[in-house]
Amino acid sequence: MKARRLKLTLEQRSTQAEHNYMIKDINELIDSFFIDFCSIEPKMLETLQKKYTTSITDDLSKGHITSNVCMIAAGILKKNPAELSKNLAANLSKFSFIESAESAGPGFVNIRLSRQAFLNSINIANMELENYGRNSFDSKKKIQIEFVSANPTGPLHVGHGRGAAYGDAIGRILEACGHEVHKEYYVNDAGRQIDILTASVCLRLADLEDNQMPESSYKGGYIKDIADDFRSKSHDFDISGEEILNAIPLDDAEKQIDEIIKKIKAGSSLWSKVKKTSLSIVLDSIKEDLQNFNVLHDDWYFESSLGSLSDESSSISQAMSKLEKEGLAYKENGALWLDTSSSKDDKNRVLIREDGRPTYFASDVAYHKNKIDRGFDELINVWGADHHGYIKRIEASIDGLGFDKEKLNVQLVQFANLFRDGKKVKMSTRSGDFYTLANLVGEIGKDAARFYYLSKQADQHLDFDIDLAKADNKENIFYYIQYAHARICSLQAKYIEKNGALPISAEQIETNKYAKCDRIIHEVSKFPGVVHRSAKSLQPHLIIYFLKDFAQSFHSFYNDNHILSESDQNAQSILFCLNASKQVLANGLRLLGIEPIQKM
RNA sequence: GCGCCUGUAGCUCAGCUGGAUAGAGCAACUGCCUUCUAAGCAGUGGGUCAGGAGUUCGAAUCUCUUCAGGCGCGCCA
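For the first sequence, my numbering assigns the number 517 to the initial residue and increments by one for each residue that follows.
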């Protein structure tokens, strides 16, 4: 009796880089070869399956598909890898969708598909169109992504832009891989930063001059704009500047602003009105900036909705009492502390201060409890890299709240430096104004901005060259890729003008009478695997580099062949193949939130 | 001091869970437009993958270590 074929689910096989239906079939043939001809034991087969990879070759000289299975199996079965691969190749050659298979190098098996099987990818791409690349290789998860979450105390700057582009892109990519994605902005609308914003506006309302503004206040032009807006609604401010600044200590900037806040709160009836107006104006501007950047959040979660500690039924009180009940939060020196030893943080952290006010951390714990209660399988937090010291304590809190901390995935985003004329663009000026995300989008456009933000792994420093993003040569990869797309669009328009409609098959290629598109077809077949890998690793830049190489293959082909002067049949086949290529370029760009260009 | 990240061609960077001769662009040199977009293509030169040790059939990739650089270590957010 033959050993029963051991089937691994795709999830178990997720170590395999390239997911492609052809590869799945080949892996099954490989497995049965080892079962039927090598009498491999089930346990050994399982080990083998976890370790070997079958992938699309990077180069047609190695055939279409390659597997390292024999080299892995050689170790397990104590056999010669080259001999194994010769036998496996001979075995695989018998199947009709495989044209030939051969042993190569130290024991690889290189497979050349039949023409029909080789064309599979462009047939699928032409059928699925804008859905080509979408896949369900992994089982569906409900994922929440929290990103941007900048304090609503001023316009978004270029640092926020990177987190925005990144969070939005991984959302699109995960969604394309079959997950349910929920994108959220956490608004810190309670707490000291907002008080400082309010105080800053009040000081402007009290007619303070630039040089009178306290060190810790916000001084940007937008503060004046908010004050003007407030005034235009005929609200006259009720304390004078002298009154506010009278007897305020000048030695400590932090103390100074706190005293000012106290004084205005006590002396002005307009405090809460100014606060409300300021917050809403700033928040609206942030929303507008994000919208212009093609970044959309499904939800805006307000810190204030977590309630206050004085209310026992509030989310924040509930979170604190839950931690106390679990024995992870304890009182010491009048403050409430969280025991963070479960995550090996350097020290325990304060949740509620001596004076009874909750820390930012306490709100964040309550917010994470709320996320958990909403039933997500995975929480992705996109944070600025400067917050990395914060990860352990939030993990400890999640652990304490009875949630698996493995499900929290913090992605750090490093700062981006802007360069113009080879020099660093200054982020802030003395007046408090700075180069904002909106400025960047206005200068180079949202698509080029998104592209360059995503062009490097998020957790690494990025030098963002504004001149490059505007350049009109090959060095500007953004246009290089767009140019490939536009060229295909233009070819299609010309073809349709002459023939009425786009072709629906590639006969000349399938019958092997025309093979110059092979390289492009080969690249097309890699796309779904790239999308999957990008989702698995949460790295959008993998798509960018793939698209760059893809565009290169296309431009090269385009230059060597004058497509529209080929025979009707050849042109038909080429155009069919190029439609698949256009789809790959467009779909790849859209996963990054970038609109492909039709005409340049 | 502790923690995280980085070190690949002159410059800017790719290199996926270890795989077959280490890649691309720029810069240098050389070719290609009376024909579909030259924002393009083709070619030449250029590398002890920071140093050392280990694991392995096989290491830029994994482990340890040394050196160099960046960032973070508040009852701030």
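A virtual CB, placed ideally from N, CA and C, is assigned to each residue, including glycine.
Own chain residues within Cβ distance below 8 angstroms of residue i, not counting five before or after
| i | result |
| --- | --- |
| E646 | Q1099, A1102, N1103, R1106 |
| N925 | E894, L895, I896, N897, L1054 |
| L726 | It should be pointed out that residue 726 corresponds to Asp in this sequence rather than to Leu. Here the set comprises K735, S947. |
| Y648 | I640, A641, F1043, P1044, A1096, Q1099, V1100, N1103 |
| N808 | A954, V957, K962 |
| I588 | L564, K567, Y568 |
| S971 | L978, I993, H1057, I1060 |
Expected contact under 8 angstroms - CB spacing of residue i and residue j to nearest Å
| i | j | result |
| --- | --- | --- |
| H676 | A666 | 5 angstroms |
| F877 | L1108 | Between L1108 and F877 the Cβ distance is about 34 angstroms, and since that is not below 8 angstroms, they are no contact. |
| V929 | A965 | Incorrect: roughly 15 angstroms between the Cβ atoms, too far for contact. |
| A692 | R650 | 5 angstroms |
| S1089 | A1022 | 4 angstroms |
| A633 | S619 | So it is not a contact: roughly 20 angstroms between Cβ atoms. |
| H977 | F931 | 7 angstroms |
| F935 | I1012 | No, F935 and I1012 are not in contact; Cβ-Cβ is about 43 angstroms, not under 8 angstroms. |
| D800 | E700 | In fact, because the Cβ distance is near 18 angstroms, the residues do not count as touching under 8 angstroms. |
| S637 | S1041 | 4 angstroms |
| F624 | S583 | 7 angstroms |
| L917 | I960 | Not really, about 43 angstroms apart at Cβ, beyond 8 angstroms. |
| A617 | N603 | Not really, about 11 angstroms apart at Cβ, beyond 8 angstroms. |
| L672 | I1025 | Actually they are not in contact, since the Cβ atoms of L672 and I1025 sit about 48 angstroms apart, beyond 8 angstroms. |
| S879 | E819 | 5 angstroms |
Proximity to residue i [Cα-Cα], best of the options
| i | options | result |
| --- | --- | --- |
| I581 | L593, F611, I1025, M538 | M538 |
| I755 | L766, E770, V717 | V717 |
| S609 | E599, G938, A598, S630 | S630 |
| H1001 | F1066, S1021, N1086 | F1066 |
| A882 | M836, E870, K1014, K908 | M836 |
| S823 | D711, D705, I592, S788 | Note that residue 823 is Gly in the sequence shown, not Ser. Ranking D711, D705, I592, S788 by Cα distance to G823 puts D705 first. |
| D994 | S1006, L1007, F980 | The identity of residue 994 in the sequence shown is Phe, whereas the question assumes Asp. Comparing Cα positions, the closest option is F980. |
| F549 | V585, K578, S801, S971 | V585 |
| Y969 | G621, A590, A680 | A680 |
| I802 | Y738, S833, Q632 | Y738 |
| L839 | S784, A912, E775 | A912 |
| Y996 | K939, L690, I1113, G623 | I1113 |
| E615 | F1092, E662, G579 | G579 |
| L786 | E758, D752, V697 | D752 |
| L1091 | L984, S1072, S1006, L799 | S1006 |
| G938 | E819, A985, S971 | A985 |
| G560 | H698, L593, H904, L600 | Checking the sequence, you will find Met at residue 560 rather than Gly. Considering only alpha carbons, the answer is L593. |
| Q998 | L867, D949, H1071 | H1071 |
| Y1030 | E991, C1093, N1075 | C1093 |
| T570 | K847, M729, I542 | I542 |
| Q927 | F818, E544, S830, D975 | D975 |
| P1019 | L806, N607, M643 | M643 |
| G621 | L600, F613, K942 | L600 |
| I712 | L545, S821, K778 | K778 |
| K908 | A598, S857, K771 | S857 |
Nonlocal neighbours in the same chain, by C-beta distance under 7 angstroms from residue i, ignoring five residues either side
| i | result |
| --- | --- |
| S1069 | R1035, I1036, E1039 |
| N1077 | K1032 |
| S1083 | none |
| A743 | V717, R720, L721 |
| I1110 | D963, R966, F967 |
Cβ-based neighbour list, residue i, same chain, cut-off 6 angstroms, excluding 5 preceding and 5 following
| i | result |
| --- | --- |
| D855 | L844, N864 |
| K657 | H695, D893, E894 |
| K1115 | A1002 |
| E731 | A769 |
| T952 | P671, H673 |
Bridge partners - residue i, DSSP secondary structure assignment
| i | result |
| --- | --- |
| S929 | Correcting the residue identity first, residue 929 is Val in this sequence and not Ser. Looking at the DSSP assignment, V929 forms a beta bridge with G900. |
| S583 | T570, V625 |
| A769 | In DSSP, A769 forms no bridge with anything. |
| G950 | Sequence check: residue 950 is Phe here, not Gly. Bridge partners of F950: S944. |
| W816 | Y701 |
| I659 | V697, E894 |
| P874 | I868 |
| L978 | A932 |
| L924 | L895 |
| K939 | R936 |
| R650 | Y648 |
Which runs of the beta strand (DSSP E) fall wholly inside the region 615-647 and span at least 3 residues, in chain order? 624-629
Which whole runs of the alpha helix (DSSP H) in the region 533-557 are 4 residues long or more, in chain order? 537-552
Residue ranges of each beta strand (DSSP E) within the region 790-866, 3 or longer: 815-818, 845-848, 851-854
Identify every run of the alpha helix (DSSP H) within the region 669-744, keeping only runs that are complete inside it and at least 4 residues long; order them along the chain. 674-692, 708-721
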